[in-house]
Structures are given as structure tokens and as C-alpha cells.
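Novice: Under the numbering used here, read the sequence shown as residues 353 to 629, first letter to last.
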Amino acid sequence: MQFDITGSAKRIEARTSERLFFDNPKHNAYRWELAARIATLAVGKGEMLHASYCGPDDPGRDRFDVENVLFYNVRLPRNSGGSCFSRAAGNGISFAYTQQRERRTVYEVVLIGTLVERQPMLIDYGDIPVCAVNSDTKPWQVWQSFHLWLDQHPTECVDWPGRHFGMEIGVGGVAGNFAAYVKPVFDGVIAAFHSATAVAPEIAGRIAGQVHRNEETVFRWLKRREPIRISDEPPVYLRGAGVQWSPADHLCSHGVLRPIPTGSRTMRLRVWSTEAR
353 MQFDITGSAK RIEARTSERL FFDNPKHNAY RWELAARIAT LAVGKGEMLH ASYCGPDDPG
413 RDRFDVENVL FYNVRLPRNS GGSCFSRAAG NGISFAYTQQ RERRTVYEVV LIGTLVERQP
473 MLIDYGDIPV CAVNSDTKPW QVWQSFHLWL DQHPTECVDW PGRHFGMEIG VGGVAGNFAA
533 YVKPVFDGVI AAFHSATAVA PEIAGRIAGQ VHRNEETVFR WLKRREPIRI SDEPPVYLRG
593 AGVQWSPADH LCSHGVLRPI PTGSRTMRLR VWSTEAR
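1. Between which residues of its own chain and W311 is the CB-CB distance below 6 Å, once the five residues before and five after are set aside?
2. With burial defined as no fewer than 16 other Cβ atoms inside 10 Å of the residue's Cβ, what is the status of R371: buried or exposed?
3. Roughly how far, in whole angstroms, is the beta-carbon of S487 from the beta-carbon of A532, given that I think they are within contact range, below 8 Å?
4. Could you check whether the region 594-604 touches the region 413-426, counting it as contact only if at least three pairs of C-beta atoms, one from each stretch, sit closer than 8 Å?
5. Secondary structure at E419, three-state DSSP: helix, strand or coil?
6. Mind checking whether W495 and A548 have CB atoms under 8 Å apart?
7. Compute the distance between the beta-carbons of G518 and T626, then report whether it is under 8 Å.
8. Kindly identify the DSSP beta-bridge partner or partners of N595.
9. Please list the segments of the beta strand (DSSP E) lying wholly inside the region 452-516, counting only runs of 3 or more residues, in order along the chain.
10. Under 8 Å by Cβ, that's how I've got A361 and L393 pegged, so tell me the actual separation to the nearest angstrom.
11. Checking 8 Å against the spacing of the C-beta atoms, do V608 and S438 come in under that value?
12. Going along the chain, which unbroken runs of the alpha helix (DSSP H) with 4 or more residues stay wholly within the region 400-448?
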């Protein structure tokens, strides 16, 4: 893998010959240098970290997750003493993808409020009670919290199958490294955007055991059409004796995860279109 990284305490830019994968050892030299530079970013009061990936890849066709390329796949070597995002992601994070010929990755410090441009809004919900969000949070916990709220707040379905969207999530009562929280929170919310036309009983049974609900409730949640339907497939598949949560988050090309000023565990959710309707 060929790469070149330049930057300062406020901005890092990397040009690479390949997209960063999680487990490719040929990418480790790039991964570790990039992580070391991210660890030196200086994010002050009123600022947050914005990451962007540009390249010829197509998330819809290649089925890669933008947030994985920018956060989950980036890490320091083992036994290095923590996450490279621990200092930079304390005020929240945002990410964006742009398709272009040249492959380029940028991490920059921006003012809070100068984030991604929002296109037509698809849904806008507030005050959703949510589980504790920390380094141990699992997607199923967020998925369950969202469905429990939807049970009390029914709405119409926005049909958005296979289309790209952006998502902003604010969470209350949360502090720490938001780059570490983006995957479980985004996966959990996006899993609720699946409206499965068919669900294998074994899948429903295993989820029921995981979330401590009866199978009837799990079937109903998996087949729920609102608030947005992006896929008619279940957001999980069988793995070992359990299930692997694997929603269609490759369709989420822009995102924001940030704290909101409240001590209660609540979530604010906005989803908007990033393509023509």
C-alpha cells in the first residue's frame, strides 16, 4: 500500500493507493502512522473532529462502511495504551464520503455547528430514552431502546430502500471517546430501519434470548416498517450460537454523533437524504 500523510495539530490529510481495511496486515504501516498523527490532534472547547473519505469506491456497490474506514479500522498497534481518538473525539465526531477519482482521507478540527450540509429531512425525533452509551454498548441494546420508544410513538413509514442517507445522533448523559461509540450506536439505529419480509424462527429465537423479550415481540420489531425502510432483509445473521448484527450501514454516507446537554439518557435522531428522492 502506498501512502503519504501530511498535517498539523488541526488537520491531517492522507493520500493512499487503497481503501483502509480492518484486517489487512499490508495496511498496518499506514494505519499506525495515521493513528499516531490523529492522537496529536488538538480539539478545543467549541470544536469537534470531522473526518472525510474521498475515493473511487462506491459504498452501495462495494458495500463498505464509511465510518469503519474512518474510525473502526484505524487503530494504534496492540499494547499501545489506548485509542488514537481518545483526545480528539471527546466533543463528538462527524464523517462524510465523497466519490471522486483520487483517494484522500482527511481528519480536521472544525467548529461545532459547521458540519455536513443537510438535504431534505426524512425524520426528526427527539427525547428517545436510550441505554447507557459507553465502550461496552452493543447494537442490540440501542436497537431495543429505539423499538421500545417506537411502540409508544407510531408513525408513518418513509420508504428509502437501497438509497443513501445521512444521520445525526445526539446522546445525553454520555462522555468520552465518541469515535468508539459510533459503530454500536449507528448499527443499532440503522438496524431498526430494516423491515424484514421474512425472518427465520432461529434468528428470532436467538435475538429474543439476547434482548430478553418473547419471540412474538422480536418478530414484530424485525418486520416493523416505520420510521424508515431501507431494506427488507433482517439486520442480523446467524453466527456460532448467536447472531451477528450487520445492518446496511454502507448506505449511511454522512454522519454525526455528539453529546447533547442533558444528564438523562436520551437520543435525538435526524435522518436526511443525501441523494435525489
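Glycine included, C-beta positions come from ideal geometry on N, C-alpha and C.
Specialist: Quick look at the numbers:
1. With the chain running from 353 to 629 in the structure shown, residue 311 is simply not present.
2. buried
3. 5 Å
4. yes
5. helix
6. no
7. yes
8. According to the sequence as given, residue 595 is Val; it is not Asn. L590, per the DSSP bridge assignment.
9. 456-463, 473-481
10. 6 Å
11. no
12. 411-414
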